[in-house]
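In what follows, a single structure is set out as structure tokens and then discussed.
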Amino acid sequence: MIQIRSHSVGVLSKTVGRGAWFPASRHLSALEAAFDWRRALVLQRRLLSGELGVIGEVSRTESDTRPSLAILVLGVLTASLGAWLWIVIDTRGAAVADPALNVLLLGSIASLGAWALWLGLTWYALKSIFLVEVEWRSLMRPMALVGGFAVWQFFMLAGPASFAVGLIVSVAGLLLSVLAVRAAAPEVDDRAAIISVGVGFGAYALALSLLAALTGVGAGLFVHTIG
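Just so you know, we're using the numbering used here here: the sequence shown kicks off at 10 and counts up by one.
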């Protein structure tokens with residue numbers, strides 16, 4: 010029998026430069042300091058509990074950049090998981106592997122890319138149409154945070170209610186995105202915020218709808234357009 014001897018993380022070390030030794034625990038501590046998972050979970054919980062003030066807080070807090078992006082990725086992956094499970098249940102297990110690739114993996118990547126397009130067009134509309142200067146990271150953080158609301162699309166696995174669940178969550182996410190714009194640019198009125206978000210969301214929805222219909226790659230609500 011092969012025995013694996015456990016070692017403390019602190020024993021591990023790395024040589025840097027002229028024989029300088031740094032314990033691995035120091036690097037792990039630096040990594041943990043650079044990204045606070047607990048902060049991400051707290052922000053997610055506050056958003057899902059309806060505490061809308063967290064949107065403005067994230068916009069003003071530069072250190073929340075990574076946690077907010079992690080929340081977005083979690084939301085997209087959870088939505089993709091719900092869509093995949095819906096397909097598996099709907100086909101009674103006949104389709105498992107292909108949807109896992111086209112929905113869980115490629116669909117998640119496509120959703121994140123389309124979200125980046127949404128963010129970019131919203132920022133551009135604010136700057137070009139309404140002449141509002143907004144620091145893009147201040148807009149990205151709250152937009153990413155509200156993107157995490159997509160975790161509720163996990164419940165798309167609920168059979169006949171799948172499309173309704175996806176639609177309701179998508180509309181709620183759209184409305185939250187308007188609040189995200191208002192948080193990042195308080196001088197913007199409701200009309201400008203709605204139009205700017207609408208421009209970005211229109212491109213987002215069009216891109217994912219066409220991708221799902223033409224290639225079979227989709228996630229969340231857009232799995233219903235897969236041909």
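We put the beta carbon where it would ideally sit given N, CA and C, even for glycine.
Local conformation of residue i per DSSP, three classes
i, result
"leucine 121", "helix"
"arginine 55", "helix"
"phenylalanine 139", "coil"
"aspartate 73", "helix"
"aspartate 107", "helix"
"threonine 131", "helix"
Presumed contact (8 angstroms Cβ cut-off) between residue i and residue j, rounded CB distance
i, j, result
"phenylalanine 163", "alanine 222", "Actually they are not in contact, since the Cβ atoms of phenylalanine 163 and alanine 222 sit about 23 angstroms apart, beyond 8 angstroms."
"isoleucine 98", "alanine 189", "About 33 angstroms; that fails the 8 angstroms criterion."
Residue j beta carbon less than 8 angstroms from that of residue i
i, j, result
"valine 67", "proline 151", "yes"
"leucine 219", "valine 226", "no"
"serine 117", "leucine 78", "no"
Given residue i as reference, the closest of the options once Cα atoms are compared
i, options, result
"glycine 129", "Val206, Pro195, Gly227, Leu230", "Val206"
"leucine 230", "Phe44, Ile96, Pro76", "Ile96"
"serine 120", "Leu81, Thr131, Ile204", "Leu81"
"threonine 234", "Ala192, Trp124, Ala125, Val112", "Val112"
"isoleucine 138", "Ile204, Ala214, Leu57", "Ile204"
Endpoints, alpha helix (DSSP H) assigned at residue i
i, result
"arginine 69", "62-69"
"threonine 224", "199-224"
"phenylalanine 231", "Per DSSP, phenylalanine 231 belongs to no alpha helix (DSSP H) and is neither H nor E."
"methionine 149", "145-156"
Residue-chain proximity (residue i, chain C), Cβ-Cβ < 8 angstroms
i, result
"histidine 233", "Structure shown: chain C not included; a single protein chain is present."
heavy atom of the ligand GTP below 7 angstroms from residue i C-beta
i, result
"leucine 83", "No copy of the ligand GTP occurs in the structure displayed, which carries no ligand at all."
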